[in-house]
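Numbering (the numbering used here), first residue to last: 5 to 211. Where a beta carbon is used, it is the ideal one built from N, C-alpha and C, also for glycine. In this text the structure is predicted, and so the values were computed from the model without any measurement. For reference, the structure discussed in these notes is given below.
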């Protein structure tokens with residue numbers, strides 16, 4: 005089950021500067037590309053900080069290194085959208101540089117990028133439920149569950165083999181990007197939640 009990852013939403017063509025970039029050049033880049041902030045990188049493409057419009061307005065520093073907010077708050081490409089949104093909220097930032105395992109810049113993601121996940125059309129959500137959850141993860145027989153999606157609300161109708169599969173299916177569906185809520189209309193062939201393993205005797209059986 006692959007939840008929506010930051011790497012699938014990020015912009016990989018990132019406008020950036022180096023510590024020695026002059027104040028005026030930073031301002032020109034922000035205006036020319038209609039962006040409100042960009043990362044400051046060292047010679048190995050590692051993120052040192054973020055320079056934003058508010059940093060420019062705060063004072064007349066000479067270079068990007070003097071202007072930037074550091075250390076930078078970053079996110080990894082394999083982290084989920086939910087994790088990125090939580091970081092943005094906790095740290096009160098509008099954008100997150102995306103880094104690889106060696107902390108080198110590979111992209112950038114903004115609040116607007118994350119919001120796109122929750123604007124997915126219903127047919128696309130239904131396709132992800134069928135392909136990612138029902139088929140790839142739970143390996144359910146085709147047609148055993150029929151998902152209906154309306155305004156992001158997923159209704160799951162069908163019959164599973166075991167009752168213990170129902171909460172798992174609901175939880176996986178809830179974690180998909182764009183899903184607002186899940187309505188459970190599932191049944192099961194038998195209730196395995198009540199099955200209790202037989203008690204073992206005080207002595208092992210020797211064969």
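Which of helix, strand or coil does DSSP assign to residue i?
{"i": "residue 162", "result": "strand"}
{"i": "residue 42", "result": "strand"}
{"i": "residue 185", "result": "strand"}
{"i": "residue 112", "result": "strand"}
{"i": "residue 24", "result": "coil"}
Check for me: the beta strand (DSSP E) holding residue i runs from which residue to which?
{"i": "residue 54", "result": "51-56"}
{"i": "residue 150", "result": "149-154"}
Going by beta carbon distance, what residues of the same chain come within less than 8 angstroms of residue i, once the five residues before and after it are set aside?
{"i": "residue 193", "result": "163, 164, 165, 166"}
{"i": "residue 9", "result": "81, 82, 83, 84, 85"}
{"i": "residue 4", "result": "Within the shown structure, residues of the chain are numbered from 5 to 211, placing residue 4 beyond reach of any answer."}
{"i": "residue 117", "result": "13, 14, 15"}
Take residue i and list the residues in its own chain whose beta-carbon comes closer than 7 angstroms to its own, dropping the five residues that flank it on each side.
{"i": "residue 183", "result": "129, 156, 158, 177"}
{"i": "residue 153", "result": "126, 129, 130"}
Got a sec, what are the start and stop residues for the alpha helix (DSSP H) residue i sits in?
{"i": "residue 101", "result": "Residue 101 -> not in any alpha helix (DSSP H); beta strand (DSSP E) instead, spanning 99-103."}
{"i": "residue 128", "result": "126-132"}
{"i": "residue 92", "result": "85-95"}
{"i": "residue 143", "result": "Here residue 143 belongs to no alpha helix (DSSP H), and DSSP marks it neither H nor E."}
{"i": "residue 177", "result": "169-178"}
Tell me residue i's beta-bridge partners as DSSP assigns them.
{"i": "residue 190", "result": "162"}
{"i": "residue 12", "result": "DSSP lists no partner for residue 12."}
{"i": "residue 80", "result": "103"}
{"i": "residue 157", "result": "154, 185"}
Counting Cβ pairs closer than 8 angstroms, one from the stretch 85-93 and one from the stretch 52-72, do we hit at least three? By the criterion of at least three beta-carbon pairs nearer than 8 angstroms, the stretch 85-93 is not in contact with the stretch 52-72.
The stretch 61-75 touching the stretch 120-140, judged by at least three CB pairs closer than 8 angstroms: The stretch 61-75 is not in contact with the stretch 120-140.
Do three or more CB pairs link the stretch 37-46 to the stretch 134-152 at distances below 8 angstroms? Short answer: they don't touch.
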